[in-house]
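Here the UniProt record's numbering is used: the first residue of the sequence shown is 1, the next is one more, and so on.
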Amino acid sequence: MPLADGQEIAGYTIVRSLGAGGMGEVYLAQHPRLPRYDALKVLSTTVCADSEYRERFNREADIAATLWHQHIVEVHDRGDVDGQLWISMDYVEGTDAHRLLTESYPDGMPPDDVVRIVAAVADALDYAHDRGLLHRDVKPANILLANPGTANERIMLADFGIARRIGDTSNLTGTNMTVGTVAYAAPEQLMGEGIDGRADQYALAATAFQLLTGTPPFQHTNPAVVISQHLTGDPPAIGTRRPELSDLGPAFSKALAKSPHDRYAKCLDFARALAHRTEATISGSGLKWGGPGTGDIPQSEPTMSAQLPAGRSRPRHSQSQTTSRPRWVLPTVAAVIAIVLAAGAYVLFDRGRDRAAEAKAPPTTTSAPVPAPPPGGVALPVVVVGAECGTLGEAGVTETGAPAYCAHLSTTDAAIWSMIPGEISSPTVTPGPNDVELPSESQQPVLVCMEQTGQSHLDCHSDILEVNESATLTPSETASP
Numbered sequence: 001m002p003l004a005d006g007q008e009i010a011g012y013t014i015v016r017s018l019g020a021g022g023m024g025e026v027y028l029a030q031h032p033r034l035p036r037y038d039a040l041k042v043l044s045t046t047v048c049a050d051s052e053y054r055e056r057f058n059r060e061a062d063i064a065a066t067l068w069h070q071h072i073v074e075v076h077d078r079g080d081v082d083g084q085l086w087i088s089m090d091y092v093e094g095t096d097a098h099r100l101l102t103e104s105y106p107d108g109m110p111p112d113d114v115v116r117i118v119a120a121v122a123d124a125l126d127y128a129h130d131r132g133l134l135h136r137d138v139k140p141a142n143i144l145l146a147n148p149g150t151a152n153e154r155i156m157l158a159d160f161g162i163a164r165r166i167g168d169t170s171n172l173t174g175t176n177m178t179v180g181t182v183a184y185a186a187p188e189q190l191m192g193e194g195i196d197g198r199a200d201q202y203a204l205a206a207t208a209f210q211l212l213t214g215t216p217p218f219q220h221t222n223p224a225v226v227i228s229q230h231l232t233g234d235p236p237a238i239g240t241r242r243p244e245l246s247d248l249g250p251a252f253s254k255a256l257a258k259s260p261h262d263r264y265a266k267c268l269d270f271a272r273a274l275a276h277r278t279e280a281t282i283s284g285s286g287l288k289w290g291g292p293g294t295g296d297i298p299q300s301e302p303t304m305s306a307q308l309p310a311g312r313s314r315p316r317h318s319q320s321q322t323t324s325r326p327r328w329v330l331p332t333v334a335a336v337i338a339i340v341l342a343a344g345a346y347v348l349f350d351r352g353r354d355r356a357a358e359a360k361a362p363p364t365t366t367s368a369p370v371p372a373p374p375p376g377g378v379a380l381p382v383v384v385v386g387a388e389c390g391t392l393g394e395a396g397v398t399e400t401g402a403p404a405y406c407a408h409l410s411t412t413d414a415a416i417w418s419m420i421p422g423e424i425s426s427p428t429v430t431p432g433p434n435d436v437e438l439p440s441e442s443q444q445p446v447l448v449c450m451e452q453t454g455q456s457h458l459d460c461h462s463d464i465l466e467v468n469e470s471a472t473l474t475p476s477e478t479a480s481p
């Protein structure tokens, strides 16, 4: 049940609701002792009843609380009141990059502004990566912009609540990746492989692409199609969306490379590449909004030099830029497995009192007016091949991690778990550890789609095949008769 205005919890006094979601509700709250307001998230009783989720919530809130940087929303405290978990974070009044884009720049923001935003977020990400932490959900809605156009401008990265340590492959259950996140997720993240800071860099590049053009690199109302494009499709050239930005193409091609080994070493390297290629624009025109003053993007390579746009300053907690980075962790995956990501602690940035009522409505995951999105990803059940199943086309995984399907056994007209989708003539025995066969390259997008969306093998295969076929048709073939 939502908390009422004026109600107290953990010493905080509720001022008003900022918004609600599947994991709980976020409130503007008066601090128990200090003369300030915090963003207070109170988790729902449903998720609090899950002991494994409680363990992960506390662990990840502690991780997020170790980050202290001028471009990262700070976590202040966490606790438990009568079995209900809560977490308090910075409350800063302003807007976010997604809202600014959709309301003021539907066709893309000025490059100067985007470079400044990207540089600030890249600085925050590299700071976290150097401490062994990943963000895993970089997107425009998580970039908060306070006091734009003033000397007190702040650019802050929010939602470190699903932060993980580099190489952490914890299988604690939780809320999976959302459709909104899929638009920015790196291929290795979608595949459930071990990830490092270059996955955040991919998401930052996809975010920058959207800020410059108005749309993410891959856009479709069906998440299955977006997943397939991330895994197999080449990112569109930014010059086809905004011809005057053609010079930025190489920077995006590198940051959005399918293999993390082909991307930049650090997020700031990507920001530096954008700044280098827009140097004339930055030097020759005034910023549309931003604070006075200039600074340098921290250098990881002394041979490159570029000026950071207005508003940049050193982190609150100064750290050497030469801190050694943990070894990249990219373990070999025996099969595509279900991706499990925590919703965890997050900060909801206030979009203004006039939007408080809208915040209670079910959240949307795309900026375009499209039908309600399909549900977010679902964890696949662990099944035994040969056992009976419920719904034909349903997906699962064996104990060895191999994909399994609810198939039709033609000899008995039964529905059983099989290694082969569709119709089978005889039950299939459970394979041994050495018999697990990796999915083919063509099947990987289908399996990831099934794991992320909960759709059947047939539905995912049909959706992806339809888009792939339409992409290969010539103009004459697609023309109306």
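The beta carbon of each residue, even a glycine, is placed where N, CA and C say it ideally should be.
This structure is a prediction, so every number in the text was calculated from the model and none was measured.
So residue i packs on residue j, CB below 8 angstroms; how close in whole Å?
{"i": "residue 381", "j": "residue 396", "result": "5 angstroms"}
{"i": "residue 490", "j": "residue 144", "result": "Any question about residue 490 goes unanswered here, given that the chain covers just 1 to 481."}
{"i": "residue 135", "j": "residue 160", "result": "6 angstroms"}
{"i": "residue 124", "j": "residue 69", "result": "5 angstroms"}
Could you check which residue in the options has the C-alpha nearest to that of residue i?
{"i": "residue 181", "options": "53, 254, 200, 245", "result": "200"}
{"i": "residue 403", "options": "391, 419, 146, 415", "result": "419"}
{"i": "residue 11", "options": "119, 415, 83, 79", "result": "79"}
{"i": "residue 268", "options": "126, 46, 91, 414", "result": "126"}
{"i": "residue 111", "options": "423, 234, 5, 208", "result": "208"}
{"i": "residue 237", "options": "152, 222, 217, 259", "result": "217"}
{"i": "residue 422", "options": "408, 103, 414, 69", "result": "408"}
{"i": "residue 260", "options": "190, 215, 109", "result": "190"}
{"i": "residue 91", "options": "97, 98, 99, 73", "result": "73"}
{"i": "residue 241", "options": "250, 253, 212", "result": "212"}
{"i": "residue 203", "options": "188, 194, 386", "result": "188"}
{"i": "residue 19", "options": "462, 41, 8", "result": "41"}
{"i": "residue 251", "options": "455, 152, 96, 118", "result": "118"}
{"i": "residue 487", "options": "47, 154, 273", "result": "Because residue 487 is not part of the residues shown, which for the chain are 1 to 481, the question remains open."}
{"i": "residue 230", "options": "183, 384, 385", "result": "183"}
{"i": "residue 105", "options": "93, 137, 210", "result": "210"}
{"i": "residue 29", "options": "206, 256, 75, 88", "result": "88"}
{"i": "residue 152", "options": "139, 94, 410, 56", "result": "94"}
{"i": "residue 107", "options": "215, 13, 205", "result": "215"}
{"i": "residue 224", "options": "197, 185, 271, 388", "result": "185"}
{"i": "residue 255", "options": "15, 263, 123", "result": "263"}
{"i": "residue 248", "options": "273, 227, 226", "result": "273"}
Would you give the residue range spanned by the alpha helix (DSSP H) that residue i belongs to?
{"i": "residue 113", "result": "111 to 129"}
{"i": "residue 559", "result": "The structure shown has nothing for residue 559, since the chain only spans 1 to 481."}
{"i": "residue 105", "result": "That residue, residue 105, is in no alpha helix (DSSP H); it is neither H nor E in DSSP."}
{"i": "residue 50", "result": "Element bounds for residue 50: n/a, residue is neither H nor E."}
{"i": "residue 225", "result": "223 to 232"}
{"i": "residue 238", "result": "238 to 241"}
{"i": "residue 190", "result": "187 to 190"}
Terminal residues of the continuous beta strand (DSSP E) containing residue i?
{"i": "residue 95", "result": "94 to 96"}
{"i": "residue 254", "result": "Premise fails: residue 254 lies in the alpha helix (DSSP H), 249 to 255, not in any beta strand (DSSP E)."}
{"i": "residue 276", "result": "Run containing residue 276: none in the beta strand (DSSP E); it sits in the alpha helix (DSSP H), 267 to 277."}
{"i": "residue 154", "result": "154 to 157"}
{"i": "residue 79", "result": "75 to 81"}
{"i": "residue 29", "result": "24 to 30"}
{"i": "residue 259", "result": "Taken as a continuous stretch (DSSP letters only), residue 259 belongs to no beta strand (DSSP E), as it is neither H nor E."}
{"i": "residue 85", "result": "84 to 90"}
{"i": "residue 38", "result": "37 to 43"}
{"i": "residue 145", "result": "143 to 146"}
Would you decide whether residue i is buried or exposed? Buried here means 16 or more other CB atoms lie within 10 Å of its CB.
{"i": "residue 86", "result": "buried"}
{"i": "residue 36", "result": "exposed"}
{"i": "residue 290", "result": "Bear in mind that the predicted position of residue 290 carries a pLDDT of just 34, short of 50, making it unreliable; the figure below should be weighed with that in mind. Per the 10 Å Cβ criterion, buried."}
{"i": "residue 26", "result": "buried"}
{"i": "residue 142", "result": "buried"}
{"i": "residue 5", "result": "exposed"}
{"i": "residue 417", "result": "buried"}
{"i": "residue 222", "result": "buried"}
{"i": "residue 51", "result": "exposed"}
{"i": "residue 33", "result": "exposed"}
{"i": "residue 449", "result": "buried"}
{"i": "residue 246", "result": "exposed"}
{"i": "residue 390", "result": "exposed"}
{"i": "residue 179", "result": "Note that residue 179 has pLDDT 49, beneath the 50 cutoff, so the model's placement of it is unreliable and the number below is only indicative. Buried."}
{"i": "residue 7", "result": "exposed"}
{"i": "residue 113", "result": "buried"}
{"i": "residue 109", "result": "buried"}
{"i": "residue 156", "result": "buried"}
{"i": "residue 193", "result": "buried"}
{"i": "residue 1", "result": "exposed"}
{"i": "residue 383", "result": "buried"}
{"i": "residue 60", "result": "buried"}
{"i": "residue 228", "result": "buried"}
Query raised in the report: Taking the runs of the beta strand (DSSP E) that are 3 residues or longer, which of them lie wholly in the region 398 to 425?
Result: 403 to 409, 414 to 418
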